[in-house]
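S.K.: Structure in structure tokens, see below.
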Amino acid sequence: MTTNEALAVMEQTRTKAAATTALDTFFCETGTYRMIRERVFGVLEAREIRLARGLYEQKGAALIGPAGSGKSTMMARVIREYEETAVATGGRAFGHRIVSAIVPGKASVKDTCCAILREIGYPTHGNRTENYLIDCLRTQLQNHRIAAIHLDEVQDAGRYATEETMSAFAKRFRNLMQVGPWPISLIMTATLEAKNLINQDPTLSRRLRPVEILAMTPAIDGPALRDAMTELLGRSGLTDDGLFSLAEFMPIMMHAAAYRFGLAVEITIEALSEAMEMGDAQVTLDHFAEAYYVRTNCDDELNPFLSDHWWGIDTTRAMDRFYEEKKETKKPRKRK
């Protein structure tokens, strides 16, 4: 590739990235979002009231769903809304800040404590004892007047653990919700594997207010997804020539996204970006096929936007091949 060719490719990818980023700021308030917002706001406002009355035991919330369902985006939005609303209403006597940390892979209590302390702005080292780090965390939570800890990717705490180590992890962090003088609320986001972590500790399960993101269905979620896609379409400046209104389109779209709302939005953004990059005024099924191909690198026969037998395709798999023998992958053809 010559320098001029490389520059042309770079400019093309920059243009597409700019268009995609502009659409990436889109957020849709789904029923699940409103439910978890109510849960989080509820446990935090209850914490304020209970601490004012000298009651230490607090509640928490959990948002559980498969990868690509949009749970991390939802929770980030909920946290931002709570903090902004608390400030707008005069703050809270016992704090309103929520600190978020990603649970490290193969996480131990010590690793997770260090991750939280780093987010607070108090870096420490894992060579400290577990008891020291927990005590340090309690002190810093009070010093910074933090109302809640949000642990993201909590499933990693139990993925490689025994029942005993999972129990120890759950006990350590649920105890932060009851030990004075500064108990906090615990908020979790995780994939479905975290159900084991939550359910194996009855005390933790009792204190959490969980919400599970269920698989989409055309009857229940079709209108909301269509509205979200239509809004994205409007932001892109493109038209769809009635594609989104076709009765057969939404089931295909949901299946392509493995029935996950967040993934459906991502595929839509990718399809719109493909259309804009090609200079097309309309987004078509072929753009969605290309978006799916970019995401999965699957053969045409396993692309739900191209196949007549789309319902039999496992859309959770990437780089899937239709034939057993190896063959060179190609750009997707147009749907016949």
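First residue of the sequence shown: 1, per UniProt numbering; consecutive thereafter. Where is the CB? At the ideal position from N, CA and C, for every residue including glycine.
(1) Of all the options R321, D241, L186, D201, which has the alpha carbon lying nearest to the alpha carbon of E57?
(2) Does the distance from the C-beta atom of A62 to that of V40 stay below 8 Å?
(3) Quick check on the DSSP output: the alpha helix (DSSP H) that includes A281 runs from which residue to which?
(4) Could you give the residue range of the alpha helix (DSSP H) that holds E45?
(5) I'd like to confirm the pairing. Which residues does DSSP put opposite V211 in its beta bridges?
(6) Under DSSP, the beta strand (DSSP E) around A318 begins and ends at which residues?
(7) Closest by CA to R172, which one among T85, E130, L192?
(8) Give me the Cα-Cα distance between L302 and I313, rounded to the nearest whole angstrom.
(9) The alpha helix (DSSP H) spanning H255 covers which residue range?
(10) Select from M216, V109, A115, L197 the residue whose C-alpha is nearest the C-alpha of G31.
(11) If you draw a straight line from the alpha carbon of I134 to that of T21, how long is it in whole angstroms?
(12) With 16 other CB atoms within 10 Å as the buried threshold, where does T85 fall?
(13) Could you give the residue range of the alpha helix (DSSP H) that holds V109?
(14) Check for me: the beta strand (DSSP E) holding R174 runs from which residue to which?
(15) Under three-state DSSP, which class holds D152?
(16) By the 10 Å Cβ neighbour count, where 16 or more other Cβ atoms means buried, how is G105 classified, buried or exposed?
(17) Under the three-state reduction of DSSP, which class applies to M75: helix, strand or coil?
(18) If we count Cβ pairs, one from each stretch, closer than 8 Å, do we get three or more for the region 63-74 versus the region 200-214?
(19) If you reduce the DSSP assignment to three classes, tell me which class L246 lands in.
(20) Using the three-state DSSP reduction, which class does I184 fall into: helix, strand or coil?
(21) Drop a sphere of 10 angstroms on the beta-carbon of T3, count the other beta-carbons inside from all chains shown, and report buried for 16 or more, exposed for fewer.
(22) Kindly identify the DSSP beta-bridge partner or partners of V99.
(23) Could you tell me the distance, in whole angstroms, from the CA atom of E274 to the CA atom of D308?
(24) Report all residues from its chain with a CB closer than 7 Å to the CB of D240; omit the five preceding and five following residues, and keep chain order.
(25) In the DSSP assignment, find the alpha helix (DSSP H) that holds S307 and state where it starts and stops.
(26) Of the choices V265, E277, D286, whose alpha-carbon is the least far from that of L243?
(27) Three or more C-beta pairs under 8 Å: does that hold for the region 246-266 against the region 48-55?
(28) Roughly how many angstroms separate the alpha carbons of I184 and N196, rounded to a whole number?
M.R.: Taking the coordinates as given:
(1) Here the question's residue 57 lines up with position 57 in the sequence shown. If we check each option's Cα against that of E57, L186 comes out closest.
(2) In the sequence shown, residue 62 corresponds to position 62, counting from 1. In the sequence shown, residue 40 corresponds to position 40, counting from 1. No.
(3) The count along the sequence shown starts at 1 and reaches residue 281 at position 281. Neither: A281 is in no alpha helix (DSSP H) and is coded neither H nor E.
(4) Taking the first residue of the sequence shown as position 1, residue 45 is located at position 45. That run of the alpha helix (DSSP H) goes 31-52.
(5) The residue given as residue 211 occupies position 211 in the sequence shown. Answer by DSSP bridge pairing, in chain order: L63.
(6) Along the sequence shown, read from residue 1 onward, the residue named residue 318 stands at position 318. No beta strand (DSSP E) contains A318, which DSSP labels as neither H nor E.
(7) Position 172 of the sequence shown, counting from 1, holds the residue named residue 172. For R172, the nearest C-alpha among the options comes from E130.
(8) Translated into positions along the sequence shown, residue 302 becomes position 302. Translated into positions along the sequence shown, residue 313 becomes position 313. The alpha-carbon atoms of L302 and I313 are separated by roughly 6 Å.
(9) By one-based count along the sequence shown, residue 255 stands at place 255. Note, H255: alpha helix (DSSP H), 249-256.
(10) If you number the sequence shown from 1, residue 31 lands on position 31. Comparing Cα positions, the closest option is M216.
(11) Locating residue 134 in the sequence shown gives position 134, where the first residue counts as 1. Locating residue 21 in the sequence shown gives position 21, where the first residue counts as 1. Spanning the two alpha carbons is a distance of roughly 39 Å.
(12) As a working mapping, residue 85 is identified with position 85 in the sequence shown. Per the 10 Å Cβ criterion, exposed.
(13) As a first step, residue 109 is located in the sequence shown; it is residue number 109 there, counting from the start. Here the alpha helix (DSSP H) through V109 covers 109-120.
(14) The residue given as residue 174 occupies position 174 in the sequence shown. Element bounds for R174: not the beta strand (DSSP E) but the alpha helix (DSSP H), 163-175.
(15) Along the sequence shown, one-based indexing puts residue 152 at 152. Of the three classes helix, strand and coil, the one that applies to D152 here is strand, per DSSP.
(16) Within the sequence shown, numbered from 1, the residue matching residue 105 stands at position 105. Label assigned to G105: exposed.
(17) Taking the first residue of the sequence shown as 1, we reach residue 75 at position 75. M75: helix per DSSP, three-state reduction.
(18) yes
(19) Taking the first residue of the sequence shown as 1, we reach residue 246 at position 246. DSSP places L246 in coil when its eight states are reduced to three.
(20) For the purposes of this step, residue 184 is taken as the residue at position 184 of the sequence shown. Three-state result, I184: coil.
(21) Position 3 of the sequence shown holds residue 3. T3 is exposed by the Cβ-count criterion.
(22) Locating residue 99 in the sequence shown gives position 99, where the first residue counts as 1. Answer is I149.
(23) Along the sequence shown, read from residue 1 onward, the residue named residue 274 stands at position 274. Along the sequence shown, read from residue 1 onward, the residue named residue 308 stands at position 308. Cα-Cα distance, rounded: 23 Å.
(24) The residue given as residue 240 occupies position 240 in the sequence shown. Closer than 7 Å at Cβ, skipping near neighbours: L233, Q282, V283.
(25) Numbered from 1 along the sequence shown, position 307 holds the residue referred to as residue 307. Segment: none, S307 is in no alpha helix (DSSP H) and carries neither H nor E.
(26) In the sequence shown, the residue the question calls residue 243 occupies position 243. Closest option to L243, Cα to Cα, is D286.
(27) no
(28) Taking the first residue of the sequence shown as 1, we reach residue 184 at position 184. Taking the first residue of the sequence shown as 1, we reach residue 196 at position 196. Near 23 Å, if we compare the C-alpha coordinates of N196 and I184.
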